[in-house]
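Engineer:
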Amino acid sequence: MFIPKRWGHRLNSCQLVDGPILLLDNVPLDRHGRLMPTLGAAWATATPFRQVYWCWQLFNLWPHLFGMNMAASLTAPEAIHIDGWR
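Take the sequence shown: its letters are residues 258 to 343, numbered as in the working numbering.
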């Protein structure tokens with residue numbers, strides 16, 4: 258599982274977004290710059306062992322994200338991206 262961290266920010270020089278642009282580290286991107294598949298997209302083709310492993314990872318992330326008031330993000334399958342077996 259990937260948990261992006263704030264790397265820095267950049268002042269916005271375009272008109273598409275208001276305010277500064279947040280730069281993140283550890284974003285779930287492959288080597289070509291594309292987002293890794295979502296948990297929802299990968300779930301149907303994963304083995305039961307892999308599904309249990311992903312649930313175990315989510316379970317272990319819950320207390321950490323709960324302490325930051327971000328645990329609800331674990332209930333949104335489109336927000337969870339996976340990297341192969343991890």
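Where is the CB? At the ideal position from N, CA and C, for every residue including glycine.
According to DSSP, what are the bridge partners of LEU292?
Structural biologist: For LEU292, which the question treats as bridged, DSSP gives the partners LEU286.
Engineer: Using DSSP bridges, identify the partner residues of HIS338.
Structural biologist: Beta-bridge pairing links HIS338 to THR295.
Engineer: Assuming TRP300 and GLN308 are in contact, meaning their beta carbons sit under 8 angstroms apart, how far apart are those beta carbons, in whole angstroms?
Structural biologist: That pair is a contact at about 7 angstroms.
Engineer: Indicate whether the contact test is met: 3 or more Cβ pairs, each with one atom in the region 333-340 and one in the region 287-296, closer than 8 angstroms.
Structural biologist: Enough Cβ pairs lie closer than 8 angstroms, so yes.
Engineer: Thinking GLU335 and THR295 are a contact (beta carbons under 8 angstroms), I'd like their distance in whole angstroms, please.
Structural biologist: So it is a contact: roughly 5 angstroms between Cβ atoms.
Engineer: Given this structure, state the Cα-to-Cα distance separating GLN314 from LEU280, to the nearest angstrom.
Structural biologist: Rounded to whole angstroms, GLN314 to LEU280 spans 25 angstroms at the Cα level.
Engineer: Take MET325 and list the residues in its own chain whose beta-carbon comes closer than 8 angstroms to its own, dropping the five residues that flank it on each side.
Structural biologist: So the list is empty, once near-sequence residues are dropped.
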